[in-house]
Amino acid sequence: MPLIELNDFSFKYYGAESLALRKIDLTIEEGEYVVITGPSGCGKTTLCRTINALVPQFHRGYISGNVIIDGKNTRDHTVAELSSIAGLVFQEPENQLVTLNVEKEIAFGPENLGIEPTEIRRRVEELIKLLDLEHLREKHPHEMSGGEQQRVAMAATLALKPKILVADEPTSNLDPRSAEVILDIISGLNKLDLTVILVEHRLDLVSKDASRIVLMDKGSIVADGPPREILAQDICQEIGIGVPKATLVYKRLKEQHDIDLGSIPLTGDELAGLVKEASS
Amino acid sequence: MSFLEVFQYTRQDSIVHRLDPRAKLFLSLVLAVISLLFLEIFPLLIIIGVLIPMMTAAKSLRRWLRSMKGLSILLLFILIFNTLLSTYPNPLNYSIALILRLIALMTSFSIFFLTVHPDELSQALIQMRVRFEFAFAMSMAMRYVPTLGQEAYAIMDTQKARGVELDKGNILKRIRNIVPIIVPLIIVSIRRALSIAESMESRGFGASKNRTYMESLSFQKRDWAVCIISLIVLIMVIYIRLNIPLPDWSIPF
Ligand SMILES: Nc1ncnc2c1ncn2[C@@H]1O[C@H](COP(=O)(O)OP(=O)(O)OP(=O)(O)O)[C@@H](O)[C@H]1O
Ligand SMILES: [Mg+2]
Chain A
1 MPLIELNDFS
11 FKYYGAESLA
21 LRKIDLTIEE
31 GEYVVITGPS
41 GCGKTTLCRT
51 INALVPQFHR
61 GYISGNVIID
71 GKNTRDHTVA
81 ELSSIAGLVF
91 QEPENQLVTL
101 NVEKEIAFGP
111 ENLGIEPTEI
121 RRRVEELIKL
131 LDLEHLREKH
141 PHEMSGGEQQ
151 RVAMAATLAL
161 KPKILVADEP
171 TSNLDPRSAE
181 VILDIISGLN
191 KLDLTVILVE
201 HRLDLVSKDA
211 SRIVLMDKGS
221 IVADGPPREI
231 LAQDICQEIG
241 IGVPKATLVY
251 KRLKEQHDID
261 LGSIPLTGDE
271 LAGLVKEASS
Chain B
1 MSFLEVFQYT
11 RQDSIVHRLD
21 PRAKLFLSLV
31 LAVISLLFLE
41 IFPLLIIIGV
51 LIPMMTAAKS
61 LRRWLRSMKG
71 LSILLLFILI
81 FNTLLSTYPN
91 PLNYSIALIL
101 RLIALMTSFS
111 IFFLTVHPDE
121 LSQALIQMRV
131 RFEFAFAMSM
141 AMRYVPTLGQ
151 EAYAIMDTQK
161 ARGVELDKGN
171 ILKRIRNIVP
181 IIVPLIIVSI
191 RRALSIAESM
201 ESRGFGASKN
211 RTYMESLSFQ
221 KRDWAVCIIS
231 LIVLIMVIYI
241 RLNIPLPDWS
251 IPF
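In the order they appear, the protein sequences are chains A and B. Just so we're aligned, residue 1 is where the first sequence starts under this note's numbering, counting upward by one. Just so we're aligned, residue 1 is where the second sequence starts under this note's numbering, counting upward by one.
Structure, rendered in structure tokens:
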């Protein structure tokens, strides 16, 4: 049984004029690292919200089709019930930190679920170590940088021990350095067997780690497959998403100069390797 | 507004900070009641004489002095006007007593607010059977006050850049000028509140009736000691107030 299953799912927000999601069919297995991308307003955030039942339980509206998460239909389960299956990290770190220090923040989720205090303490210590938050322990959210806030928000979500981590543009408010730290943490977690769904525009930073890219446009999925396959397709440039430079160079060489490098590169290093191989 | 500093929690490691907030609440209330029992200079001086060492024990005497300095203009104001306008027989004596009482009251409460972290306060409330939602709403208010302040400044700057003259005109005009700040602030806050609710819900807020707490407060021997001593002192002071006439050491003005 797949971990995430959307069957012919459509959704329209209450009061909105058009569908935010149109007939989505999507299956995600355990351990995958799926990057969702697409132009602004195409429904990426809405798709994330369906995975922990925020759509349709928190955001009401018209729905058709079904979303099954770890065997649970989101029409019949509350967001709280799904909180230990799918954890969401949002774009705005400031709005995810609701307590006055890091320890409390991490403890907030497990406390809500009524987990034993000793176990909560154990998780807090584990996550402080894992995400390198020791120096922030006693700090008010206001005294932290955006990157630090986002790391705390991620720890707070992981404290619920979810099977799926859904991160909706977690790096869009961050400087490139902190963004890279966050993305490294995410790919590290994926290697520890966490299923990851990440909405991200900077494909050059994530496509080397991702196992799959889902491309969305106007509420539908328009392409879905391994990064190398998807990024080499023309549709990426048509919709206007940030295809990595190395992949673009590969495409131009192939289409305009008839030079085939053999395989599709995602990073500058890979491209350099291919060029070296071809010229030797 | 620097005198408000004595009501703001400051992180310190002192005996007073380590006391249980419930014990401190009791202590503060007892001290406040005692301050309200007297309106004579001499006993009020004794009370302040007791409070100052407590402030020292909380490692906050400097802060207290700074606040009192900030308050001094207001106090002087009260002193002068009360003395001039009062109908009491010894107006100066009365005004000084009034000021001392104000200082004693403020200091009593500041022992609580200066040394109790908002988190401890909400935990104390929860353990005193206040519903979690209320206690949490309070701590969240403290969490988002700085954020709201920042937002208000940002909106002010935006409106100024668009040519709204915020600090010009008479009182009426100025009051009307608040509208272009308040309205966007409310809209932004509602949007933020929704987003916060989304995040809290995603982390299981309200999921279980039996919410647990990672840390709970526990009364130690020293907390009991503080409570018992406070109670004894309170009873003694009330007895003195009711039965023993105080020497008449007032200033004859
Ligand atoms: N709470 C809401 N109520 C009504 N309509 C909404 C709501 N949230 C999103 N929408 C609408 O649903 C559509 C999809 O929005 P969504 O936020 O999912 O897009 P997105 O791909 O995440 O965009 P972005 O890249 O800007 O974050 C948009 O047309 C948007 O206006
Ligand atoms: Mg979005």
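Backbone N, C-alpha and C fix where the C-beta goes; we use that ideal spot for every residue, glycine too. Since the structure is predicted, the reported quantities are computational estimates derived from the model, not experimental observations.
Q: Tell me Y62/A's beta-bridge partners as DSSP assigns them.
A: K12/A
Q | DSSP bridge partner residues for G240/A (one or two, in chain order) | A | According to DSSP, which records beta bridges pairwise, G240/A is partnered with nothing at all.
Q) Cβ of T195/A within 9 Å of Cβ of L3/A? A) yes
Q.
Using DSSP's beta-bridge definition, name the partner residues of D217/A.
A. S220/A
Q | V34/A to R75/A span [Cα, whole Å] | A | 24 Å
Q. Is Q91/A near ligand 2, judged by its Cβ being under 8 Å from some heavy atom?
A. yes
Q.
To the nearest angstrom, how far is the alpha carbon of L185/B from that of E94/A?
A. 16 Å
Q.
Counting only C-beta atoms, is Q153/B closer than 9 Å to chain A at any point?
A. Just to set this straight, residue 153/B is Tyr in the shown sequence, not Gln. No - not a single Cβ of chain A is within 9 Å of the one on Y153/B.
Q) In its own chain, which residues sit with a C-beta less than 8 Å from the C-beta of A232/A, not counting the 5 before and 5 after it? A) T247, Y250, K251, I264
Q: For G240/A, I'd like the list of residues in its chain whose CB is within less than 8 Å of its CB, leaving aside the five on either flank, ordered along the chain.
A: P39
(Q) Quick test of your reading: I251/B and N82/B, contact by CB under 8 Å. State the CB separation rounded to the nearest angstrom. (A) Wrong, their Cβ atoms sit about 14 Å apart, outside the cutoff.
Q) Based on the DSSP output, what are the partners of L21/A in its beta bridges? A) F11/A
Q) Can you check whether the CB of R121/A is closer than 9 Å to the CB of L214/B? A) Sequence inspection shows Met at residue 214/B; the Leu mentioned does not correspond to that position. A contact, by the Cβ cut-off of 9 Å.
Q | T46/A: CB within 8 Å of a non-hydrogen atom of ligand 1 | A | yes
Q: Would you kindly check if the distance between the Cβ of N112/A and the Cβ of R191/B is under 9 Å?
A: no
Q. So what's N73/A in DSSP terms, helix, strand or just coil?
A. strand
Q. Is the Cβ-Cβ distance between L253/A and L266/A less than 9 Å?
A. no
Q.
Tell me which residue opens and which closes the beta strand (DSSP E) that I88/A is part of.
A. Per the sequence presented here, residue 88/A reads as Leu, with Ile not at that position. Here the beta strand (DSSP E) through L88/A covers 86 to 89.
Q. Which of the three DSSP states, helix, strand or coil, is assigned to D157/B?
A. helix
(Q) Buried or exposed for T254/B, going by 16 or more other Cβ atoms inside 10 Å? (A) There is no way to answer for residue 254/B, as the model of chain B reaches only from 1 to 253.
Q. Of the residues that make up the region 78 to 90 of chain A, which ones have a beta carbon closer than 8 Å to any beta carbon in chain B?
A. T78, V79, A80, E81, S83, S84, G87, L88, F90
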